[in-house]
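Novice: Every position in the sequence shown, counted from 1, becomes a number in the numbering used here once 25 is added.
Virtual Cβ for every residue (Gly too), placed ideally from N, Cα, C.
Okay, handing you the structure first.
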Amino acid sequence: MRGMKSFEFIAGVILIVVIGGAVLFSPWLFPDGGKSMDLAARLTPPMTQPGHILGTDPLGRDVLARVVIGGRVSFTVGILSALGAVIIGTVAGLYAGYYRGWLDVFLMRFADVQLALPFILLAITVIAIIGPGLDRVIILMIVAQWVQYARLIRGSVLSLRNAEYVQAAQAYGLSDVKIIFSHILPNAMGPLVILATLNVANNILLESSLTFLGLGIDPLTPSWGGMLAEGRNYIQTAPWTSIFPGVAIMLTVLGLNLLGDWLRDRLDPLGQTT
């Protein structure tokens with residue numbers, strides 16, 4: 026079991042550091058932003074020209090450059106949407122679980138209704154009305170996912186609010202805000218970190234899916250989902266235009282899921298994988 030934990034951690038870190046590092050330094054690695062076109066070298070197969078290791082697309086743009094540049098969109102959406110949902114959901118869950126009352130009932134019933142709606146159908150409907158865009162995709166994911174964190178934190182607060190150290194803090198006269206953020210929240214962070222890590226991977230997949238359907242990022246902006254959508258017309262003649270962005274998505278999600286599994290085993294012993 027220890028060997029599996031170590032493998033998950035090492036493999037996950039390597040994948041995320043390599044991919045994330047390439048994406049982070051993409052402006053210096055590819056100053057042209059993957060927009061330079063060479064029509065004479067269009068649809069060049071991988072490993073046939075020194076300047077195009079992963080080949081070129083139908084417009085003669087370097088596939089490697091566009092895959093690396095496109096990762097910025099996926100990481101931005103995945104991280105910012107998860108972070109926004111964590112902040113909103115944590116605050117709502119802390120308040121609902123600690124104070125209970127009518128607001129707790131309202132938030133939890135609202136969460137039940139929202140969780141019953143399939144996200145992809147909701148996203149397609151909303152984006153078809155308000156239009157695609159990076160900021161709109163992020164906001165939509167935050168609105169759709171904050172309830173997961175609210176329910177998770179509320180459950181943790183309900184189990185911790187009657188703990189002896191919390192009662193001692195109340196008897197000592199500490200304010201509710203001090204008790205919530207200094208005594209309750211730190212002990213509820215484990216499941217929160219695990220869910221956030223896994224949701225970053227899930228959000229990358231969702232953004233790629235929406236962009237593939239034409240409901241995500243501007244087609245002129247390099248993104249993994251957009252590259253998949255462009256490459257599907259050349260899947261038989263130039264499959265590398267779709268394979269490499271697909272591999273980038275797969276490895277990124279795999280790395281995040283491995284880290285999420287490792288964190289679950291470390292922070293939640295009762296939920297250890299076998």
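DSSP has D87 in a bridge; who is on the other side?
Specialist: When beta bridges are read from the DSSP output, D87 appears opposite T81.
Novice: Going by other Cβ atoms of all chains shown within 10 Å of its Cβ, with 16 needed for buried, is P52 buried or exposed?
Specialist: exposed
Novice: Might you give, ordered along the chain, the residues of its own chain that have their beta carbon closer than 7 Å to the beta carbon of L276, omitting 5 neighbours on each side?
Specialist: Here L276 has L40, I44 as same chain residues with Cβ atoms under 7 Å from its own Cβ, once five neighbours each way along the sequence are excluded.
Novice: Pull up the DSSP beta-bridge partners for Q74, would you.
Specialist: H77
Novice: For V48 and A153, I'd like the C-alpha separation in whole angstroms.
Specialist: 29 Å
Novice: For the alpha helix (DSSP H) containing D290, list its first residue and its last residue.
Specialist: Counting along the chain, the unbroken alpha helix (DSSP H) around D290 starts and ends at 265-292.
Novice: Note down the Cα distance separating I204 from R179, rounded to an integer number of angstroms.
Specialist: 15 Å
Novice: Considering only the beta carbon of each residue, do V111 and T266 sit closer than 8 Å?
Specialist: No, Cβ-Cβ distance for V111 and T266 is not below 8 Å.
Novice: At the level of alpha carbons, what is the spacing between P143 and N227?
Specialist: 14 Å
Novice: L177 by DSSP, collapsed to three states: which one?
Specialist: helix
Novice: If contacts are defined as beta-carbon pairs under 8 Å, then V172 and G114 qualify, I think. What distance do you get, rounded to the angstrom?
Specialist: About 7 Å separates the CB atoms of V172 and G114; that is less than 8 Å, so the two are in contact.
Novice: By the 10 Å Cβ neighbour count, where 16 or more other Cβ atoms means buried, how is P270 classified, buried or exposed?
Specialist: buried
Novice: Mind listing, in chain order, the continuous alpha helix (DSSP H) runs of no fewer than 4 residues lying wholly within the stretch 182-239?
Specialist: Fully enclosed alpha helix (DSSP H) runs of 4 or longer: 189-197, 201-204, 214-237.
Novice: Please name the residue in G109, A196, S200, P70 whose C-alpha comes closest to that of I167.
Specialist: G109
Novice: Tell me whether the stretch 234-247 and the stretch 80-98 touch, counting them as touching only if at least three CB pairs, one residue from each stretch, are closer than 8 Å.
Specialist: Three or more pairs of CB atoms, one per stretch, sit closer than 8 Å, so the stretch 234-247 contacts the stretch 80-98.
Novice: Check each candidate in L183, D160, V92, T150 and name the one with the smallest Cα separation from G126.
Specialist: L183
Novice: With the cut-off set at 8 Å, would you say G285 and I219 are in Cβ contact?
Specialist: yes
Novice: In chain order, what residues of the same chain have a beta carbon less than 6 Å from the beta carbon of L16, not counting five sequence neighbours either side?
Specialist: Here the chain comprises residues numbered 26 to 299, so residue 16 is not present and cannot be evaluated.
Novice: Given a threshold of 16 other Cβ atoms within 10 Å of its Cβ, counted over all protein chains shown, does I155 qualify as buried or as exposed?
Specialist: exposed
Novice: Beta-carbon separation of L283 and A36 under 8 Å?
Specialist: yes
Novice: Which residue comes first and which comes last in the alpha helix (DSSP H) that contains G126?
Specialist: 126-140
Novice: F50: buried (16+ other C-beta within 10 angstroms of its C-beta) or exposed?
Specialist: So F50 counts as exposed.
Novice: Would a check of beta-carbon distances place L235 closer than 8 Å to chain D?
Specialist: Within the model displayed, chain D is absent; a lone protein chain is all it includes.
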